[in-house]
Amino acid sequence: MANITYLDESVFQFLKALEGNNNREWFAKNKPKYVAANDHFKALAEEINVGMQKQDNIEKMKLYRIYRDVRFSKSKEPYKNSFSGGFSRKTKALRGGYYFHLEPGGKSMVGGGFWQPEASDLKRIREEIAADATPLRKIINSSSFKTHFGELGGEQLKTAPKGFPKDHPDIDLLRYKSFIVSKYFTDKEVETPGFSEEVLKYFNATRPFFDYMSEVLTTDVNGVSLLDK
Numbered sequence: 032m033a034n035i036t037y038l039d040e041s042v043f044q045f046l047k048a049l050e051g052n053n054n055r056e057w058f059a060k061n062k063p064k065y066v067a068a069n070d071h072f073k074a075l076a077e078e079i080n081v082g083m084q085k086q087d088n089i090e091k092m093k094l095y096r097i098y099r100d101v102r103f104s105k106s107k108e109p110y111k112n113s114f115s116g117g118f119s120r121k122t123k124a125l126r127g128g129y130y131f132h133l134e135p136g137g138k139s140m141v142g143g144g145f146w147q148p149e150a151s152d153l154k155r156i157r158e159e160i161a162a163d164a165t166p167l168r169k170i171i172n173s174s175s176f177k178t179h180f181g182e183l184g185g186e187q188l189k190t191a192p193k194g195f196p197k198d199h200p201d202i203d204l205l206r207y208k209s210f211i212v213s214k215y216f217t218d219k220e221v222e223t224p225g226f227s228e229e230v231l232k233y234f235n236a237t238r239p240f241f242d243y244m245s246e247v248l249t250t251d252v253n254g255v256s257l258l259d260k
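Residue numbering for the sequence shown follows this note's numbering, starting at 32 and increasing by one per position.
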């Protein structure tokens, strides 16, 4: 299977049926349908991977299993109602990761960013914002960013983070605990030829944001590179 640029409607048909029959007995009986749906998803993912290798320095693509780990989950359903994957970037100088999620009901999305960054990274990002938030605001207020993603996403604190004043002029940005961009798609959009190009377009639109964060996270507060240490 090659040059698959969209998701065949049979994939979402399988996932919708799985949502209403999320148990091992049903899954075993319908294993051939799962295999066919998964193969189609992997072919689409590979088409996206080919494009990503051209437009960014990608280390690898990872596709996530449909099987859920229910050991520490309130939900004991054994399967996810979606297919998903992501891309990591090469070298310590390139920060940020890409994610794509395909699920019926308008829940398909692409996104990326910095989800629950390590404490040291979060501290460094906040230090940079507190010192000068202008570069970040320029990116998230740009017409390209707003057209593709609307606004910056991610969980936020209800008050100021420790060590920063509540009346800081950039407190709205300092409250972020994760820094995420995302775009949702309708089922029809996912099932339209050329969807893979749309995914690549949105991934490419994250680059100014990723470039800014990469610069911040690879330098200290004085702008000295941490990569040489």
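Note that beta-carbon positions come from the ideal geometry of N, C-alpha and C, so glycine has one too. Keep in mind the model is a prediction, meaning the values are calculated, not measured.
Whole-Å CB distance - residue i paired with residue j, under 8 Å assumed
{"i": "residue 118", "j": "residue 140", "result": "Contact flag wrong, Cβ pair sits at about 15 Å."}
{"i": "residue 192", "j": "residue 46", "result": "Wrong, their Cβ atoms sit about 39 Å apart, outside the cutoff."}
{"i": "residue 208", "j": "residue 187", "result": "6 Å"}
{"i": "residue 171", "j": "residue 158", "result": "The Cβ separation is near 18 Å, so there is no contact."}
{"i": "residue 65", "j": "residue 58", "result": "7 Å"}
beta-carbon residue i near the ligand PLP non-hydrogen atom, thresh 6 Å
{"i": "residue 160", "result": "For the structure depicted, the ligand PLP is absent and the ligand set is empty, with no information on it obtainable."}
Limits of the alpha helix (DSSP H) - the one that residue i falls within
{"i": "residue 230", "result": "226-235"}
{"i": "residue 219", "result": "218-221"}
{"i": "residue 71", "result": "62-86"}
{"i": "residue 245", "result": "238-248"}
{"i": "residue 205", "result": "202-205"}
Extent of the continuous beta strand (DSSP E) run through residue i
{"i": "residue 47", "result": "Unbroken run through residue 47 is the alpha helix (DSSP H), 40-51; no beta strand (DSSP E)."}
{"i": "residue 93", "result": "89-94"}
{"i": "residue 133", "result": "128-133"}
{"i": "residue 99", "result": "Here residue 99 belongs to no beta strand (DSSP E), and DSSP marks it neither H nor E."}
{"i": "residue 115", "result": "114-120"}
Residue i and residue j closer than 7 Å at C-beta
{"i": "residue 156", "j": "residue 205", "result": "no"}
{"i": "residue 214", "j": "residue 233", "result": "yes"}
{"i": "residue 36", "j": "residue 245", "result": "no"}
{"i": "residue 89", "j": "residue 230", "result": "no"}
{"i": "residue 76", "j": "residue 94", "result": "yes"}
{"i": "residue 210", "j": "residue 185", "result": "yes"}
{"i": "residue 102", "j": "residue 109", "result": "no"}
{"i": "residue 107", "j": "residue 97", "result": "no"}
{"i": "residue 253", "j": "residue 86", "result": "no"}
{"i": "residue 30", "j": "residue 104", "result": "Within the shown structure, residues of the chain are numbered from 32 to 260, placing residue 30 beyond reach of any answer."}
{"i": "residue 178", "j": "residue 212", "result": "no"}
{"i": "residue 152", "j": "residue 258", "result": "no"}
Open item on the list: For the pair the region 142-156 and the region 122-130, tell me if three or more CB-CB distances fall below 8 Å.
Closed with: yes
Open item on the list: Using 8 Å as the cut-off, can you tell me whether the region 161-170 makes contact with the region 195-214, which would need three or more C-beta pairs spanning the two stretches below that distance?
Closed with: yes
TODO: Note down, one range per segment and in chain order, each alpha helix (DSSP H) of at least 4 residues found wholly within the region 146-176.
DONE: Correct list: 150-162, 165-171.
Task: the region 32-50 contacting the region 219-226, beta-carbon criterion three pairs below 8 Å - done: Because the criterion of three Cβ pairs below 8 Å is met, the region 32-50 and the region 219-226 touch.
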